[in-house]
Amino acid sequence: MKVSKKIEQSQKEGKIWWSFEYFPPRTAQGLQNLLDRIERMRNLGPEFIDITWNAGGRTSELTSEMVRLCQGVIGIETCMHLTCTNMPREKVDVALCEAKKHGCRNILALRGDPPQGKDEWEAVEGGFVHGIDLVRHIHKEYGDYFDIAVAGFPQNMLLPPEERDLEIKYLKEKIDAGVDFIFTQMFYDVDIFIDWVKAIRAAGITIPIVPGVAPIQTWNGFLKATSLAQTKIPQSFMDALEPHKNDDEKVRAIGTKLVADMCRKILDADLGIKGLHFYTMNLEKGTKMLLQELNLVPRVETLKPLPWRQSLTPNRRQENIRPIFWANRTQSYLSRTENWDEFPNGRFGDSRSPAYGELDGYGVSLKQTDEAALKLWGEPKTFDDIVQLFSQFCLKKLSALPWSDQPVSGETSIISKELSKINQLGFLTINSQPAVNGAPSDDPKFGWGPRDGYVYQKAYLEFFVNPELLEILISEIEMDTKMTYYVINKQGDLRTNSHSEGPNAVTWGVFPGKEIIQPTIVEAISFMAWKDEAYDLGIKWANIYETASPSRQLIMDVMNNSYLVNVVHNDFKDTKAIFTPFFKAGEKYAASRATANGSAQTNGDLN
């Protein structure tokens with residue numbers, strides 16, 4: 001969605017909104033760390049983010065890659081900076097083409113800073129001289145496809161009157177060339193900002209203004225940033241911060257209150273501004289503290305329009321159904337289905353027939369390095385060691401498993417004890433969801449989708465299990481007509497008690513003025529495709545250990561001899577019923593093992 005439409009929608013709803021800015025890091029590891037941070041900070045509820053185009057255009061390819069990942073994988077609306085610096089027309093066109101391909105609808109058009117090592121800005125041959133030239137070019141090539149933003153400089157109010165008026169005139173010319181909203185440079189003097197807003201409004205500029213807000217992180221960082229941008233610092237800020245300049249925590253705490261007061265004045269100033277744009281500097285804590293100080297709490301509808309992270313690339317924007325199996329492996333699912341001609345929308349039908357991309361084409365890997373994986377999972381020597389890892393993960397005492405890069409979700413907390421128990425019984429769970437019977441759509445644990453709705457879930461479990469324990473479990477499940485299962489081995493032999501060839505919706509929502517939405521399903525073809533990946537992840541885990549080591553042999557044996565199973569309890573009103581057959585089967589299996597061990601001991605004594 002275009003940012004101007006998001007602003008318009010927020011104005012109609014009378015809500016305050018916020019957004020974040022990030023810049024491309026210099027290293028591959030820095031990029032991965034930043035993407036992880038953007039993923040976490042998405043939970044702070046930004047309406048959109050923007051990605052800078054570094055001075056001189058040196059990180060242009062990285063900016064485009066970040067836009068692709070943020071739009072497609074993280075699923076957050078992204079605005080891309082684009083500068084004239086070191087950018088011939090052909091390079092600009094490539095950047096715009098890539099942005100459109102990734103589903104980006106928003107461009108911040110800038111002249112840019114001088115190239116690195118130069119004091120004066122100069123155009124490259126075949127490039128653009130002014131920001132307005134870039135604005136006109138974008139419109140010429142793409143019409144109204146992109147929302148175009150430009151920068152605004154409140155500190156122009158400190159210029160001599162003639163220069164100030166000339167800068168406002170230049171800004172008005174840019175707006176008239178087809179600009180949709182304005183991002184301002186960071187500032188700390190709120191009175192200067194308010195005067196500037198009134199001045200440009202008086203000049204006939206009516207488009208939305210988005211104030212740029214920079215959290216104060218450290219004393220030295222504050223001085224450096226304000227010096228580079230030649231930002232006026234109110235004396236009250238200096239008086240409050242300088243006595244504590246050697247105490248970063250104190251500076252951050254005081255700075256948070258100062259900047260929060262500035263934000264409140266902007267929002268209360270009757271300027272028609274109800275949004276704030278935070279210059280995060282790729283840091284999390286300062287922005288989070290500022291949002292907390294302002295009591296700006298994200299809406300569930302903003303965070304989770306669907307229970308899974310929606311991709312915003314053009315061909316997937318209408319996708320609203322996915323199999324549950326990739327709940328913890330989003331990027332894998334996106335990669336293995338990227339060549340589909342269409343994506344399930346309303347019903348999971350023919351779109352599944354092209355099947356999924358082969359693992360050979362995508363590849364399976366653990367997120368952790370071998371060193372990090374060893375530190376996380378140690379060196380299991382017995383099956384009970386493996387059981388303890390799975391059990392600890394369910395109890396949030398372990399941060400990841402090979403099948404899940406992230407800790408268990410908040411909704412899992414209501415079944416964490418039951419999950420831990422069935423793992424102790426020998427069922428190694430890799431995916432689950434609890435039953436939910438009509439939770440409000442804004443519920444902090446289970447909610448998703450538009451406001452004033454209700455959401456539902458069937459209980460779901462997915463796990464590895466040995467053949468003997470599986471047969472006992474199946475006999476227990478068969479006694480409950482409300483339970484369905486799929487069982488598959490490493491070779492791909494499938495068995496099920498489901499009599500339906502279609503999908504089983506395990507998550508759905510009911511919302512005012514809409515058809516029932518069924519975004520998460522269980523079905524056979526997807527499960528068979530997921531099977532290869534599930535087993536391969538276990539093998540990748542085994543391969544972090546030395547070839548002849550007990551740990552590698554143990555994990556390989558588990559993968560080679562276990563079945564992969566998923567179970568759904570179709571009575572969503574009974575929240576714990578799904579666990580009953582597991583508890584019974586586990587007890588019977590333990591008793592049979594004890595009897596067998598006792599017989600063996602007796603025979604040994606007789607011999």
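Numbering (my numbering), first residue to last: 1 to 607. Here a beta-carbon is modelled for each residue, glycine too, at the ideal position from N, C-alpha and C.
Which residues in the same chain have their Cβ closer than 6 Å to the Cβ of Phe395, if we skip the five residues on either side of it in sequence? It is Leu, not Phe, that sits at residue 395 in the sequence shown. So the list reads Ser416 and Ser420, once near-sequence residues are dropped.
Quick check on the burial criterion: 16 or more other C-beta atoms within 10 angstroms. Buried or exposed for Gln406? exposed
Hey, Ser549 and Pro380 are a contact pair by Cβ (cut 8 Å); roughly how many whole angstroms apart? Not a contact, Cβ separation roughly 10 Å.
Could you spell out the range, first to last residue, of the alpha helix (DSSP H) harbouring Cys394? Phe383 to Cys394
How many Å lie between Leu291 and Lys584 at the Cα? 48 Å
Ends of the beta strand (DSSP E) at Ser432? Leu428 to Gln433
Among all the DSSP beta bridges, which residues are the ones paired with Cys97? Note: Cys97 sits in no beta bridge, so no partner.
Continuous alpha helix (DSSP H) stretch holding Thr256: start and end: Asp248 to Leu267
Could you please give me the residues that DSSP links to His569 through a beta bridge? Ala459 and Met483
Work out the CA separation of Ile430 and Met528 for me, nearest whole Å. 16 Å
Is any heavy atom of the ligand ZN found at a distance shorter than 7 Å from the C-beta of Leu34? Looking at this structure, you won't find the ligand ZN or any other ligand, since it has none at all.
Along the chain, where does the alpha helix (DSSP H) containing Trp18 start, and where does it finish? Careful: Trp18 lies outside any alpha helix (DSSP H), inside the beta strand (DSSP E) at Trp17 to Tyr22.
To test your reading of the DSSP string, which unbroken alpha helix (DSSP H) runs of 4 or more residues are found completely within the segment 175-241? 190-202, 219-228 and 235-241
Can you give me the C-alpha to C-alpha distance between Leu82 and Tyr145, rounded to a whole angstrom? 16 Å
Starting from Gln139, trace the beta strand (DSSP E) in both directions and tell me its first and last residue. Checking the sequence, you will find His at residue 139 rather than Gln. No beta strand (DSSP E) holds His139; the alpha helix (DSSP H) holding it covers Gly131 to Tyr142.
Going along the chain, which residues of its own chain have a beta-carbon closer than 7 Å to the beta-carbon of Ser365, five neighbours each way excluded? Lys540
Whole-angstrom distance between Gln491 and Glu411, CA atom to CA atom: 33 Å
Below 8 Å on the Cβ atoms is my contact criterion, and I expect Val213 with Tyr279 to pass it. Report the Cβ-Cβ distance as a whole number of Å. 7 Å
Selection from Thr507, Asp50 and Leu425 that minimises the alpha carbon distance to Tyr589: Leu425
Am I right that Pro154 and Trp219 are in contact with their C-beta atoms under 8 Å? What's the rounded C-beta distance? Their Cβ separation, rounded to whole angstroms, is 23 Å, which puts Pro154 and Trp219 out of contact at 8 Å.
Run the CB neighbour count on Glu319, radius 10 Å, all protein chains shown included, and call it buried at 16 or more, exposed below. buried
Which runs of the beta strand (DSSP E) spanning at least 3 residues fall entirely within the segment 536-586, listed in chain order? 563-569
Nearest-angstrom Cα separation, counted from Lys514 out to Ile578: 30 Å
What does DSSP give as the partner residues of Met80 in its beta bridges? Ile51 and Ile107
With H, G and I counted as helix, E and B as strand and the rest as coil, what does DSSP make of Asp147? strand
In the structure shown, what three-state DSSP assignment does Trp530 receive? helix
What separation, rounded to the nearest whole angstrom, lies between the Cα atoms of Leu241 and Leu44? 27 Å
Is the separation between the beta-carbon of Phe181 and that of Val3 shorter than 8 Å? yes
Alpha-carbon spacing of Arg40 relative to Gly30, whole angstroms: 15 Å
Using DSSP with H/G/I as helix, E/B as strand and the rest coil, what is Asn504? strand
Among the residues of its own chain, which have a CB less than 6 Å from the CB of Thr63, if the five just before and after it don't count? Pro24, Ile51 and Trp53
Would you list the one or two residues that DSSP bridges to Tyr454? Pro440 and Val510
Nearest-angstrom Cα distance between Ser475 and Asn561? 20 Å
Between the segment 466-485 and the segment 449-458, are three or more C-beta pairs nearer than 8 Å? no
Are Asp530 and Phe325 close, meaning C-beta to C-beta below 8 Å? Checking the sequence, you will find Trp at residue 530 rather than Asp. It is a contact, given that the beta carbons lie within the stated cut-off.
Over the uninterrupted beta strand (DSSP E) stretch that includes Ile521, give me the two end residues. Ile517 to Val522
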